[in-house]
Amino acid sequence: MQLPLFTPLSLSHCLSFCLTETVMDTRTATAELGWISFPANGWEEVSGYDENLNTIRTYQVCNVFEPSQNNWLLTTYIDRRAAQRIYVEIRFTVRDCASIPSVLGSCKETFNLYYLETDRTVSESIKGVEYWANAPFLKVDTIAADESFSQVDFGGRLMKVNTEVRSFGPLSKGKGFHLAFQDLGACMSLLAVRVFYKKCPSVVQNFAYFPETLTGAESTSLVIARGSCISNAEEVDVPIKLYCNGDGEWMVPIGSCSCKAGYEPDNGNVCRACPQGTFKSSQGAGLCQQCPLNSRSTIEAATLCGCRNGYYRGDMDKPEDICVPSAPRNVVSVVNQTSVQLEWHPPRETGHRGDLSYNVLCRRCHSNERRACQPCDDSVAFVPGKRGLKETRVEISKLRAHTSYTFDIQAINGVSNKSPYPAQQLSINITTNQAAPSVVPIMHQVSSTSRSFSLSWPPPEQPNGIILDYEIRYYDKSSLLNSSVVQTETPNVVLEGLRPGTGYVVQVRARTVAGYGAYSKEMLFQTLTDELGQQLSLIAGSLVGGVCIVSLVAIAIICSRPDMFSGPTPTVTFPTLSEGHSSPGVKIYIDPFTYEDPNEAVREFAKEIDPSCVKIEEVIGSGEFGEVYKGRLKPVGKKEIPVAIKTLKVGYSERQRRDFLSEASIMGQFDQPNIIRLEGVVTKSRPTMIITEFMENGALDSFLRQNDGQFPVIQLVGMLRGIASGMRYLAEMSYVHRDLAARNILVNSNLVCKVSDFGLSRYLEEDTSDPTYTSSLGGKIPVRWTAPEAIAYRKFTSASDVWSYGIVTWEVMSYGERPYWDMSNQDVINAIEQDFRLPAPMDCTVVLHQLMLDCWQKDRNARPKFPDIVSMLDKMIRNPASLKAGTNNVAPGPSHHPLLDRGAPDLSRVSSVEDWLAALKMTQYRDSFLGSGFTSLPLVTQITAEDLQRIGVSLAGHQKKILTSVQSMRHHADDQSPTESV
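For reference, each letter of the sequence shown is one residue, going -20 to -1, 1 to 962 in mature numbering (1 follows the signal peptide of the UniProt record, and there is no 0).
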């Protein structure tokens, strides 16, 4: 018996996406849909009406009084139009099973949605039972109603309509597909089905055109679209691309175009030519400008306005600078003995230029004729200078007395060389007066006794006449007030009557008819002591005697030890540092938050990089503060290297910027092969960036999961050794990581593991939605990796990092499995308090599991230290045989701690292939097993390694895990009675 279903009148409620392309829509269909149904008494096509009384076609089924329902409905062929992911919007009603009286069969309130990829339409000849019993469809989902109805208002107003949207992909095996609906005993009506895909529309952004782009195969996929510059625009950064996300939205623009020189942006989509009388000199976002004074443009799209006749612009001038003439002015002089001061007025018209400067040329003349002049000596002094002067005055000194000079003052600007006339220069002739001689440059001590010393000196560089004599002033350095003066006509003197062993300060000055010059600088000379000669003799004798004795001893040793220099060189052993102590020169970590200005810590520990040296290539992820990119760094004079670039998103607060850069302040203090290397930061431009070395294989946990079972144990131990080495370095630096986990270890192309992510302090202070981190005493803590004392008392030490290292070791040996599996964080805390510890992963050697247990000692003082861990791992690597003994081949069973049941399947409780695969966490192989005929557990127990390879289980680790479980099931079946066998 089939209950009647009534189609609702209103279909006004619908989900809509702003960027979709519909490939099938039954809402507008009025003729028969022609879908294939099986069996004949299953789905039934009926007509109904929408709110506008238009006829619509629907399918209904209601065989709730008959058991074992399996009703199929197959749509017509749908062309996917190159889309890789398809969305299906289903509108349906479902009758509440509880409202149906006397239901004898099985009643359901759900149905299943499937799809079948194909290149052609499925024939109607598939109506046979055999086809539907082995339907080759891929399941999308089981769909349940949010609302069901219990009774029907025959006025058509009480029906409760459900709308559900599902998606599937990637599609690649055919040009199109069929949808299939499976009813297993529901009373329902399929009102409308809309099939569509999403896309990003064509768009002009940053003056680049991006074509319409289909979304990717996954909802999280990013599809790259290459852009091309619009008309009259040129590339600024390449490549030019946008990313189309799964919702049909453009994001993460990379590269851009901008309007060419001579064109200005208009509404962000057009580059318009500059009209006559205006210009735009460079590519970019600027607008056209009016021509500067004394210039013009007579064409459109001008990049430069030419100067009018008689006006000029310099080669280094900017296009926006005005055109000006070159014009210097006059000068006034004041002579003072052998010095002269010159002052002048600036040119009458400078054109508001900022590059006006002055040059002063000096020539010494022997007569009144200019041809008798020659350039001045280099000894002539100009203050503040003689070229490029900005002020209109100069003081010239160290000229010769009674000498004629000519000075030329030139006014220079950027267009002086453009004028057909030479730069105007003002000349002035002056004659110096008589002057005192210059300073004597230096004195030399010729000889010295206990009562006198002899001095000499060169004449002044500028005598300014005939030197009449020299005056020498000297005094005992311990008695500054009592000075003596002597005179001499020659540039030398002997000062006598001095005290033995005393230092004397001496100065000298020269005199001409113009008077004395200035004293020379003070110089100190020393007389000898009376006993100095005797002491020198005694010292010399002692030295000679000592040398003889040493020589005799050396000869005797050499004769008695002829092989002294032929044996091996002795070695010197240096003491090693004890744990917790640093040798002189070992750096200690400095917390950047101890700085009053956090920016000072960034400047001290992180290198500022010119943003022009950084090239962003593609998005590789997103962080707490913004996107993470892969890029290239090309330092000046060095080889280009790949880098990872963390960026600070737009609209950040000052606190966010401080927290973002604090990680760079921490990383910049570390220099060790197993610590991620900081290349530098960009803080003086936007966006703010942290640039580190690029690690090709990403995070360790995901890398291990992708390569399950692919590495020998000794290679895994080598990875663990690298992590321990990095943590040993951090411990020596007195730095506590607090968040050591496989997700925070990065792996490069050579499988070198490096510790990263030094920002847990943020989690300890601020809220976060990451379920890995759980509140404890006001902060966020990664419970599964954290030592009990750190959870309970916030006591973070190097010993708590050792506990975390033990968890990392377990992650590595289990190829990235989640510690404590699906236990809640509170359950983990309780289990650890009850002395529960993680069991050894499958195929984990006993020595490695013992290392983990040592790291998980409740007493933190009993845990090994990182130098000890490095030493233990080195011994394992040197002795590979130790890594083979005592291997755990099968995960612990339910006979252990109750919590161990979460780590291995209880084979006595599984009843189907699906349950067994779910227990092994390998549900991804469900369709492969069932499609290859392994549809029951007895058949699974006969499986071989060749069978696994054939059905698509290619990872060695997965094969080993499955075969181990199969072997366990065989033993389990052998131990049971025939009635208990699988």
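Note that beta-carbon positions come from the ideal geometry of N, C-alpha and C, so glycine has one too.
> Whole beta strand (DSSP E) runs in the stretch 631 to 698 with 3 or more residues, listed along the chain?
Replying inline: You should have 658 to 662 and 669 to 673.
> In terms of alpha-carbon separation, which member of Ser17, Glu25 and Arg37 lies closest to Asp5?
Replying inline: The option with the nearest alpha carbon to Asp5 is Arg37.
>> Based on DSSP bridge pairs, tell me the residues matched to Arg206.
In response: Paired residues: Lys221.
> Can you name the start and end residues of the beta strand (DSSP E) that Ala490 belongs to?
Replying inline: Gly483 to Thr492 is the span of the beta strand (DSSP E), which, as asked, contains Ala490.
>> Looking only at its chain, what residues have a beta carbon closer than 8 angstroms to the beta carbon of Ser261, apart from the 5 residues adjacent to it on each side?
In response: So the list reads Ala241, Thr283, Leu284, Lys298, Pro299 and Glu300, once near-sequence residues are dropped.
> Which residues in the same chain have their Cβ closer than 7 angstroms to the Cβ of Cys287, if we skip the five residues on either side of it in sequence?
Replying inline: So the list reads Asn274, Ser275, Arg293 and Cys303, once near-sequence residues are dropped.
> To the nearest angstrom, how far is it from the Cα of Gly368 to the Cα of Asp358?
Replying inline: Computed Cα separation, rounded: 17 angstroms.
> Under the three-state reduction of DSSP, which class applies to Gly883: helix, strand or coil?
Replying inline: Residue confidence is low: Gly883 scores 43 on pLDDT, short of 50, so the model does not pin down where it sits. Its coordinate-derived value is still stated next. Coil.
> In chain order, which continuous runs of the alpha helix (DSSP H) of length 4 or greater are located wholly inside the stretch 752 to 814?
Replying inline: The qualifying runs are 768 to 773, 778 to 793 and 805 to 813.
>> For Leu628 and Pro233, I'd like the C-alpha separation in whole angstroms.
In response: Cα-Cα distance, rounded: 15 angstroms.
> Under the rule that 16 or more other beta-carbon atoms within 10 Å means buried, what is Pro272, buried or exposed?
Replying inline: By the neighbour-count rule (16 or more Cβ atoms within 10 Å), Pro272 is buried.
> Where does Asp246 fall in DSSP's three states?
Replying inline: The answer is strand: DSSP assigns Asp246 an E or B state.
>> Which residue wins for smallest C-alpha separation from Lys587, given the options Ile410, Val599 and Met669?
In response: The option with the nearest alpha carbon to Lys587 is Met669.
>> Taking the alpha helix (DSSP H) that Arg431 belongs to, which residues open and close that run?
In response: Arg431 -> no alpha helix (DSSP H), and no H or E assigned at all.
>> If you follow the beta strand (DSSP E) that Arg843 is in, where does it begin and where does it stop?
In response: First-last for Arg843: undefined, no H or E at that position.
> Alpha carbon to alpha carbon, how far is Ser337 from Ile392?
Replying inline: CA-CA distance, Ser337 to Ile392, rounds to 5 angstroms.
> Secondary structure at Glu110, three-state DSSP: helix, strand or coil?
Replying inline: Correct three-state label for Glu110: helix.
> Straight-line CA distance for Leu33 to Gly913?
Replying inline: Cα-Cα distance, rounded: 51 angstroms.
>> Quick check: the Cα distance between Gln256 and Glu244, rounded to an integer number of angstroms?
In response: A direct Cα-to-Cα measurement between Gln256 and Glu244 gives close to 13 angstroms.
> Within the chosen definition, does the stretch 691 to 699 reach the stretch 633 to 641 through at least 3 CB pairs nearer than 8 angstroms?
Replying inline: The stretch 691 to 699 makes no contact with the stretch 633 to 641; the number of CB pairs closer than 8 angstroms stays below 3.
>> Does Phe157 pass the burial test, meaning 16 or more other C-beta atoms within 10 Å, or should it be called exposed?
In response: Of the residues assessed, Phe157 falls on the buried side of the cut-off, its CB having 16 or more other CB atoms within 10 angstroms.
>> What does the alpha-carbon distance come out to for the pair Val83 and Thr90?
In response: It is roughly 16 angstroms from the alpha-carbon of Val83 to the alpha-carbon of Thr90.
>> So, with DSSP's three-state summary, where would you put Pro355?
In response: Strand.
>> Cutting at 6 angstroms between CB atoms, please list the residues of its own chain near Gly560, excluding the five before and the five after it.
In response: With a pLDDT of only 34 at Gly560, under 50, the local geometry of the prediction cannot be trusted, and the value read off the model is given with reservation. Closer than 6 angstroms at the Cβ level, and outside the excluded window around Gly560, lies no residue.
> With 16 as the cutoff for other CB atoms within 10 Å, does Met296 come out buried or exposed?
Replying inline: With fewer than 16 other Cβ atoms within 10 Å, it is exposed.
>> Run through the DSSP bridge pairs and tell me what Ala624 is partnered with.
In response: The secondary-structure analysis by DSSP pairs Ala624 across a beta bridge with Lys610 and Thr672.
> Helix, strand or coil: which one does DSSP assign to Asp99?
Replying inline: Of the three classes helix, strand and coil, the one that applies to Asp99 here is coil, per DSSP.
> Closest to Glu192 by CA distance: which of Ser86, Glu1 and Lys153 is it?
Replying inline: Of Ser86, Glu1 and Lys153, the residue nearest in Cα terms is Glu1.
> Leaving out five residues before and five after Ser432 in sequence, what residues of the same chain have Cβ atoms less than 8 angstroms from its Cβ?
Replying inline: The answer, listed in chain order, is Val474, Leu475, Glu476, Gly477, Leu478 and Thr507.
> What first and last residue would you give for the alpha helix (DSSP H) that runs through Ala581?
Replying inline: Looking at the DSSP string, the run of the alpha helix (DSSP H) that includes Ala581 is Pro578 to Phe585.
> Touch check for the stretch 213 to 232 and the stretch 160 to 175: three-plus C-beta pairs under 8 angstroms?
Replying inline: Short answer: they don't touch.
>> Quick check: what's the CA-CA separation for Val662 versus Asp854?
In response: So the alpha carbons of these two residues sit roughly 40 angstroms apart.
>> Which same chain residues end up closer than 7 angstroms to Arg685 when comparing Cβ atoms and leaving out the 5 residues on each side of it in sequence?
In response: Answer for Arg685: Tyr795 and Gly796, listed in chain order.
> When the Cα atoms are used, what is the spatial distance from Leu919 to Ala898?
Replying inline: Taking the straight line joining both Cα atoms gives about 17 angstroms.
>> By the DSSP assignment, the alpha helix (DSSP H) with Trp896 in it spans what residues?
In response: Following the DSSP letters along the chain, one finds Trp896 inside the alpha helix (DSSP H) bounded by residues Val893 to Ala899.
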